[in-house]
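Since the structure comes first, as structure tokens, the remarks are kept for the end.
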Amino acid sequence: MAATLYNIYQRLFNAYGPQHWWPGNSPFEVMVGAVLTQNTSWTNVEAALHNIKQADLLDCKKIIALPQQQLATLLRPVGYFNIKAKRLQSYCDWYHQSGQFRKLNKLDTATLRRQLLAVHGVGPETADDILLYAFGREVFVIDAYTRRLFERLGLVTGTETYETLRELFETKLNRQQNKAQLFNEYHGLIVHHAKYFCRASKPECTSCCLQSVCKYDS
DNA sequence: ACCCAGGGTCATA
DNA sequence: TATGACCATGGG
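So the first sequence is residues 5 to 222, counted in the working numbering.
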């Protein structure tokens, strides 16, 4: 039988507990991490964030003022460091010119999302990471883990566009309360589950909390 | 030596 | 719209 999205959430939460996402002590740190983690493991992002903090540069204006090559050196552990130095400065330019958190938080979610997507280097997932985890908006983040898990569960085909999936998840969870908190926890749980059970290299996994609803269950 | 990792942009057809 | 090339470090 087909499990509901909320039932899958409950299974994950019962198995793993609260994930306390996003790792980071401020909205701005969440934003920086969201850009740096593009196609990169979080442990590499932690190393780069450590470099930035140790240089006392976890600040929008300081990052703008830093020569791009010096920023790239700090970002070396995340890979794509030249591109990400440019993207991070583009983000900081926009963030500073837009009045930072206080002003941006007055915008409605659709408007804020449109502005985020207009920033060079910010695509749909990065924008939604920032909307959900920095601004606390009710947005369901779709990433490679989400696609892989729900494809294995047989609930999506894998060919859907980002927007199609996001709208699907948000619609199916529309009746739940505290959606921002639910989406926050759900995405963290999906990532945790992907890391320890639903790995790319182990599609045959049949011993997790979702085994009875997974198409690989035998 | 390979695959994978909390994507996005750009050129091409 | 839909592919493919490219970006680049670090762990398993």
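Idealized CB from N, CA, C, for every residue including glycine.
Remember, it's a predicted structure, so these values are computed and weren't measured experimentally.
- Your pair Leu-16 and His-197 checks out as a contact, with CB atoms roughly 6 Å apart and the cut at 8 Å.
- For Arg-170, same chain residues with a beta-carbon under 6 Å away, outside a window of 5 residues either side, are Phe-144, Ile-146 in chain order.
- Straight across, the Cα-Cα distance linking Ser-102 with Pro-31 is about 15 Å.
- With a threshold of 16 other beta carbon atoms within 10 Å, Ile-87 falls short and is exposed.
- With a threshold of 16 other beta carbon atoms within 10 Å, Thr-150 meets it and is buried.
- Distances from the alpha-carbon of Tyr-137 to those of Leu-53, Pro-27, Cys-209 put Pro-27 closest.
- Under the DSSP assignment, Ile-146 falls outside any alpha helix (DSSP H); it carries neither an H nor an E label.
- Judged by DSSP secondary structure, Gln-119 falls within the alpha helix (DSSP H) whose first and last residues are 113 to 121.
- Taking 8 Å as the cut-off, the beta carbon of Asn-55 is found no closer than this to the beta carbon of Gly-83.
- Excluding residues up to 5 positions away in sequence, Tyr-13, Leu-16, Phe-17, Tyr-20, Gln-23 lie with their Cβ nearer than 8 Å to the Cβ of Leu-193 in the same chain.
- Within a 10 Å sphere around the beta-carbon of Asp-60 sit fewer than 16 other beta-carbons, which makes this residue exposed.
- The beta carbon of Arg-141 sits closer than 6 Å to those of Thr-113, Leu-135, all from its chain and outside the five residues before and after it, given in chain order.
- In the assembly as shown, Asn-182 is an exposed residue. Its beta-carbon has fewer than 16 other beta-carbons within 10 Å.
- Distances from the CA of Val-39 to each of Gln-180, Asn-188, Arg-106, Thr-130 were compared; the closest alpha carbon is that of Thr-130.
- Within the same chain, Lys-219 come within 7 Å of Gly-158 by CB-CB distance, once the 5 residues on both sides are set aside.
- Sequence-distant partners of Arg-118 (beyond 5 residues in either direction) whose C-beta falls short of 8 Å from its own C-beta are missing from its chain.
- Counted as a single uninterrupted DSSP element, the alpha helix (DSSP H) harbouring Tyr-95 occupies residues 85 to 101.
- Residues of the same chain with their beta carbon placed closer than 6 Å to that of Asn-29 are lacking, with the five preceding and five following residues left out of the count.
- Taking all protein chains in view, the Cβ of Glu-189 is crowded by 16 or more other Cβ atoms within 10 Å, so the residue is classified as buried.
- Between the stretch 90 to 100 and the stretch 64 to 77 there are three or more C-beta pairs closer than 8 Å, enough to call the two in contact.
- Rounded to whole angstroms, the gap between the alpha carbons of Lys-206 and Ala-122 is 37 Å.
- Less than 8 Å divides the Cβ of Cys-209 from the Cβ of Cys-202.
- Taking C-alpha positions only, Ala-76 is separated from Met-35 by approximately 17 Å.
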